[in-house]
Amino acid sequence: MMAATTSTTAKLVLLLVLFAGILASFALYEPRFLQPSLASTVLQFASMLALVALGQTLIVLAGGAGIDLSVGGMVSLSAILTMMAMSAGVPEAVFPLVPVVIGALLGAVNGVLVTKIRILPLIATLGTLFVFGGLAMALTGGASLSGVPQWLVPFGRGNLGGVPWHVLVLVVPAYLAVAGMLTFTPWGRWFYAMGHNERAARLVGIDVDRIRFLAYVLSGALSGLAALVSLAWFGSGRPNIGQNLELESLAAVLLGGVAIFGGAGGVLGVLVAVLMIVTLKTGLQFINVSAVWQVGIVGALLLLVLLVDLIPIRRRS
Amino acid sequence: MTDVPFLKARSIGKQFGAVTALAGVDVDIRRGEVLALLGDNGAGKSTFVKVLAGAHRPTSGTLEIEGAPVELASPQDAAAAGIATIYQELALSENLSVAENVYLGRESVRRILGVPILKRAEMRRRVDELLAELDAHIPDPDLPVGGLSGGQRQAVAICRALNLDARLVIMDEPTAALAVAETRKVLSLVRNLAGRGCAVVLVSHNIADVFEVANRMVVFRRGAKIAERRRDETTPEEIVAFITGAHPSLRSLEHLG
Chain A
1319 MMAATTSTTA KLVLLLVLFA GILASFALYE PRFLQPSLAS TVLQFASMLA
1369 LVALGQTLIV LAGGAGIDLS VGGMVSLSAI LTMMAMSAGV PEAVFPLVPV
1419 VIGALLGAVN GVLVTKIRIL PLIATLGTLF VFGGLAMALT GGASLSGVPQ
1469 WLVPFGRGNL GGVPWHVLVL VVPAYLAVAG MLTFTPWGRW FYAMGHNERA
1519 ARLVGIDVDR IRFLAYVLSG ALSGLAALVS LAWFGSGRPN IGQNLELESL
1569 AAVLLGGVAI FGGAGGVLGV LVAVLMIVTL KTGLQFINVS AVWQVGIVGA
1619 LLLLVLLVDL IPIRRRS
Chain B
631 MTDVPFLKAR SIGKQFGAVT ALAGVDVDIR RGEVLALLGD NGAGKSTFVK
681 VLAGAHRPTS GTLEIEGAPV ELASPQDAAA AGIATIYQEL ALSENLSVAE
731 NVYLGRESVR RILGVPILKR AEMRRRVDEL LAELDAHIPD PDLPVGGLSG
781 GQRQAVAICR ALNLDARLVI MDEPTAALAV AETRKVLSLV RNLAGRGCAV
831 VLVSHNIADV FEVANRMVVF RRGAKIAERR RDETTPEEIV AFITGAHPSL
881 RSLEHLG
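Protein chains in written order, with the numbering used here: chain A, 1319 to 1635; chain B, 631 to 887.
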């Protein structure tokens, strides 16, 4: 059994302090950073990461060394295949559903590899990351596919009182649904039980493989939703739109206080971590730090939080 | 004992390839009685328990529950027949509460628009009752199991079995890793369990524990049942002699074998 690390609440407080620190630093360096449109900008850019990180949360929570490195590939390929399906004559009316269905099918591939063929998730999803991402590039030769229905574009760019539509319609309901599932239904108890002690979960009759399979399918479907947001936002399918989402979503999950071995954590912390990462990136852009450095700084932040999390364990042992 | 035993095992045998793990074992298990299974490592007691738990299918022999023949092909079959097994590792999830563990995998829910919603208050109340009945000394069913002592964890596992309406509870070395005070607590839990009319099968290496709590003892040696004694008609010395093979009645057998 792994030692319990800092409690979920303590982690959330730590995260909020860090978030406030980041906001304060940027505000001190460049007071114009804290303009009213900041929240709106951050939410617009956070939407895709938030959806993908939600799926990643479920997979990590379910334990068994669960990880989904293929989320970026699934986002890119769902976007591309959706555009190809449109040009092949799929009716426009069902457009929003197409990437979700494609994403769920891609997630099911991961689910089969992990729960039926029993390949270690890290390896299985690293493989599918290259397969899905590579396929998206190969199918398009690297070019964007246009032809997103015009009626969808306001959904990708418009907002209500400063909150983007896709955040209101997709992100908030998705987080509420998963939080409710984890807190109020037997499924939630099973996620935490199997994530913490898989053998015990199997002995009491929990269908661990089925739940884990569904987590991968759900992660795929959420990646499909992220692809939908990108299509509505940019008006075209980009074959590299999912790039870096696997690492950023994993960073958000760990910063958000989900135990990497599973069985502990919740979605609220992950949502805060997503907003923090996007705020950090937005701020770095605002003060003209190159995008190359942004990835490194997110990584350093992740290491910092994990180190702080380890302190109580070191003290005990 | 005029009533029909809860479970009747007759000439149970189990082969693993060429190895005979069990041969011709007859055992009756009665309600309200603690039956101890004793024997050296590899004597066959664990194999026999696994047959009862549905984890192994016997190669020969029959099982009857309340007079009716049964096939226990899987742990699910055994559970359906009212047999609960408490494994040494207890199968508890330390990150969940006592009540959540007792109900894990079979939570009570109410359906709202088809979505199953946990009935937390009801489950907590039921677990509180069970804990009180067993006199388990766990103050709050909302405590996480990770913070409980070994004996308290045994109590949670026993509650779980009771909540499954088990009529036969099999306990595998329940006191193996416990301190003295904890052991006493668990033994009194075992007695309370039998007092509620459950049949209890106790697998143990500890002769003192067995003599404190068991009504009957069955000794296994080399895959066979070599002795069955009521507690009031035997002594620890005799049982140890059976286990080690030093008992006079075994000498001739061993030489023949």
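For each residue, glycine too, the CB sits at the ideal point set by N, CA and C. Since this is a predicted model, take the numbers as computed values, not measurements.
Would you kindly report the start and end of the unbroken beta strand (DSSP E) that includes residue i?
i: GLN645(B); result: 637-646
i: ILE713(B); result: 713-716
i: ILE1605(A); result: No beta strand (DSSP E) contains ILE1605(A), which DSSP labels as neither H nor E.
i: VAL1526(A); result: Careful: VAL1526(A) lies outside any beta strand (DSSP E), inside the alpha helix (DSSP H) at 1526-1552.
i: ASP670(B); result: No beta strand (DSSP E) contains ASP670(B), which DSSP labels as neither H nor E.
i: LEU1356(A); result: Run containing LEU1356(A): none in the beta strand (DSSP E); it sits in the alpha helix (DSSP H), 1355-1379.
i: LEU742(B); result: What sits at residue 742(B) in the sequence shown is Ile, not Leu. Element bounds for ILE742(B): 739-742.
i: VAL655(B); result: 649-659
i: PRO699(B); result: 698-700
i: ASP802(B); result: 798-802
i: VAL1430(A); result: It is not in any beta strand (DSSP E) - VAL1430(A) carries neither H nor E in the DSSP assignment.
i: GLU858(B); result: 854-860
What's the call for residue i, buried or exposed, on a 16-neighbour Cβ count within 10 Å?
i: ASN1606(A); result: exposed
i: GLY1617(A); result: exposed
i: TRP1551(A); result: buried
i: ILE742(B); result: exposed
i: LEU637(B); result: buried
i: HIS706(B); result: In the sequence as presented, His is not what sits at residue 706(B); that position holds Gln. Exposed, by the Cβ-count rule.
i: LEU1624(A); result: exposed
i: HIS1681(A); result: Nothing about residue 1681(A) can be reported from this structure: the residues present for chain A run from 1319 to 1635 only.
i: THR1597(A); result: buried
i: ALA648(B); result: exposed
i: HIS767(B); result: exposed
i: ASN671(B); result: exposed
i: LEU748(B); result: buried
i: TRP1508(A); result: buried
i: LEU1316(A); result: Any property of residue 1316(A) remains undetermined from this structure, which presents chain A solely from 1319 to 1635.
List the residues of chain B whose Cβ lies closer than 8 Å to the Cβ of residue i, in chain order.
i: PHE1502(A); result: ILE747 and LEU748
Under 8 Å by Cβ, that's how I've got residue i and residue j pegged, so tell me the actual separation to the nearest angstrom.
i: VAL1304(A); j: GLY1425(A); result: Beyond the ends of chain A as shown, which are 1319 and 1635, falls residue 1304(A); an answer cannot be given.
i: VAL1592(A); j: LEU1367(A); result: 5 Å
i: ALA829(B); j: GLU694(B); result: Incorrect: roughly 13 Å between the Cβ atoms, too far for contact.
i: PHE872(B); j: VAL849(B); result: 4 Å
i: ASP765(B); j: ASN822(B); result: 7 Å
i: PRO1439(A); j: VAL1432(A); result: 5 Å
i: ALA1511(A); j: SER723(B); result: 4 Å
i: GLY691(B); j: ALA762(B); result: That belief does not hold up - the Cβ atoms of GLY691(B) and ALA762(B) are roughly 40 Å apart, past 8 Å.
i: VAL816(B); j: PRO804(B); result: 5 Å
i: GLY1513(A); j: GLY1580(A); result: 3 Å
i: ASN845(B); j: ARG861(B); result: 6 Å
i: MET1594(A); j: LEU1336(A); result: 7 Å
i: LEU1369(A); j: LEU1540(A); result: 5 Å
i: SER1394(A); j: ILE1559(A); result: 5 Å
i: LEU667(B); j: LYS680(B); result: Their Cβ separation, rounded to whole angstroms, is 12 Å, which puts LEU667(B) and LYS680(B) out of contact at 8 Å.
i: VAL1360(A); j: LEU1543(A); result: Actually they are not in contact, since the Cβ atoms of VAL1360(A) and LEU1543(A) sit about 19 Å apart, beyond 8 Å.
i: ALA854(B); j: GLY684(B); result: Between GLY684(B) and ALA854(B) the Cβ distance is about 22 Å, and since that is not below 8 Å, they are no contact.
Whose Cβ in chain A lies nearer than 8 Å to the Cβ of residue i?
i: GLU737(B); result: PRO1504 and ARG1507
i: LEU722(B); result: ASN1515 and ALA1518
i: LEU726(B); result: ARG1507, TYR1510, ALA1511 and HIS1514
Starting from residue i and walking both ways along the alpha helix (DSSP H), at which residues does that stretch end?
i: LYS749(B); result: First-last for LYS749(B): undefined, no H or E at that position.
i: PHE1473(A); result: 1471-1475
i: ILE1441(A); result: 1439-1458
i: GLU730(B); result: 728-733
i: SER690(B); result: Element bounds for SER690(B): not the alpha helix (DSSP H) but the beta strand (DSSP E), 690-695.
i: LEU1488(A); result: Element bounds for LEU1488(A): n/a, residue is neither H nor E.
i: ASP707(B); result: 705-710
i: PHE850(B); result: PHE850(B) -> not in any alpha helix (DSSP H); beta strand (DSSP E) instead, spanning 846-851.
i: ALA1518(A); result: 1516-1521
List, in order along the chain, the chain A residues whose C-beta lies closer than 7 Å to that of residue i?
i: GLU868(B); result: The contacting residues do not exist; GLU868(B) stays about 36 Å from chain A at best.
i: LEU734(B); result: ARG1507, ALA1511 and VAL1522
So residue i contacts chain A; which residues on that side make the cut at Cβ distance below 9 Å?
i: GLU730(B); result: ARG1507, TYR1510 and ALA1511
What residues in the region 1505-1518 of chain A have a beta carbon less than 9 Å from any beta carbon of chain B? TRP1505, GLY1506, ARG1507, TRP1508, TYR1510, ALA1511, MET1512, GLY1513, HIS1514, ASN1515, ARG1517 and ALA1518
For the region 1575-1586 of chain A, list every residue whose C-beta sits within 8 Å of some C-beta in chain B, in sequence order. GLY1581 and ALA1582
Check distances from the C-beta atoms of the region 1522-1544 of chain A to those of chain B and list, in chain order, the residues that come in under 7 Å. VAL1522, GLY1523 and ILE1524
Quick one, which residues of the region 783-799 of chain B are near chain A if we go by CB-CB under 7 Å, in chain order? none
Would you list, in chain order, the members of the region 740-772 of chain B that have their beta-carbon closer than 9 Å to a beta-carbon of chain A? VAL745, PRO746, ILE747, LEU748 and ARG750
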